[in-house]
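Below is one structure, written out as structure tokens; the observations come after it.
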Amino acid sequence: MAKKTLRLLNSQRVVSTLTHQLGTPVAWAAWLADQRRNDSDRRPPELLGYHLLPAFRSDSGQPLYLPADVKAFVAAVRAADPGMRPTSAEWFVVDDTPGIPWRTRRARRCIKPRVRPSIVGAPRKPRPPKADPASSGPAPI
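Residue numbers (the working numbering): 334 to 474.
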């Protein structure tokens, strides 16, 4: 018996990884729980023909997954359905004044995110030349 030290992912980490990588086509926590059930009279659920089963169990009975298994599952599902896109961060309007405790800072969901252009490092546009008042009259004949 060889003992190894491995990095494993618990169910919560797997749910957040799958949500981040594949979006939310299914409720991941419930889907993983259905995968772990051992009912002989029914087929385990699948996503595009793929399953994700835990590799180990902790002392407390919590299922643990290998990161390589999760990566392989994500790659296989993306190959089967390229339309599955990762979720993006949501936009919020916030007041980031320093000195305000986080409990009193409010974030309001933004409907249309506006990204202001950065002025740092942006090249300045040249100004048009000023008109000379002496040459502003009609052209000499």
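Backbone N, C-alpha and C fix where the C-beta goes; we use that ideal spot for every residue, glycine too.
Within its chain, find whatever has a CB closer than 8 Å to the CB of residue i; leave out the 5 residues flanking it on each side and keep chain order.
{"i": "Trp364", "result": "Pro378, Leu380"}
{"i": "Pro400", "result": "Arg340, Leu341, Leu342"}
{"i": "Trp361", "result": "Val347, Val348, Leu351, Thr352"}
{"i": "Tyr383", "result": "Phe406, Ala409, Val410, Ala413"}
Would you give the residue range spanned by the beta strand (DSSP E) that residue i belongs to?
{"i": "Arg346", "result": "Run containing Arg346: none in the beta strand (DSSP E); it sits in the alpha helix (DSSP H), 344-355."}
{"i": "Arg441", "result": "440-442"}
Rounding to the nearest angstrom, what Cα-Cα distance links residue i and residue j in this structure?
{"i": "Val347", "j": "Tyr398", "result": "8 Å"}
{"i": "Arg411", "j": "Leu351", "result": "11 Å"}
{"i": "Leu386", "j": "Lys458", "result": "58 Å"}
{"i": "Asp367", "j": "Pro415", "result": "25 Å"}
{"i": "Ser344", "j": "Arg370", "result": "14 Å"}
{"i": "Val359", "j": "Arg460", "result": "55 Å"}
{"i": "Arg439", "j": "Asp428", "result": "7 Å"}
By the three-class DSSP mapping on this structure, what secondary structure does residue i have?
{"i": "Leu380", "result": "strand"}
{"i": "Pro400", "result": "helix"}
{"i": "Arg436", "result": "helix"}
{"i": "Arg418", "result": "coil"}
{"i": "Arg460", "result": "coil"}
{"i": "Arg340", "result": "coil"}
Could you pull the start and end residues of the alpha helix (DSSP H) that residue i belongs to?
{"i": "Arg369", "result": "361-369"}
Within a Cβ cutoff of 7 Å, which residues of the same chain sit near residue i, ignoring the five residues on either side of it in sequence?
{"i": "Asp402", "result": "Leu385, Ala388"}
{"i": "Cys443", "result": "Trp424, Phe425, Val426"}
{"i": "Arg441", "result": "Phe425, Val426"}
{"i": "Asp392", "result": "none"}
{"i": "Pro396", "result": "Ser344, Arg369, Pro387, Arg390"}
Given 8 Å as the limit, is there contact between the segment 431-439 and the segment 400-417, that is, 3 or more CB pairs closer than that?
no
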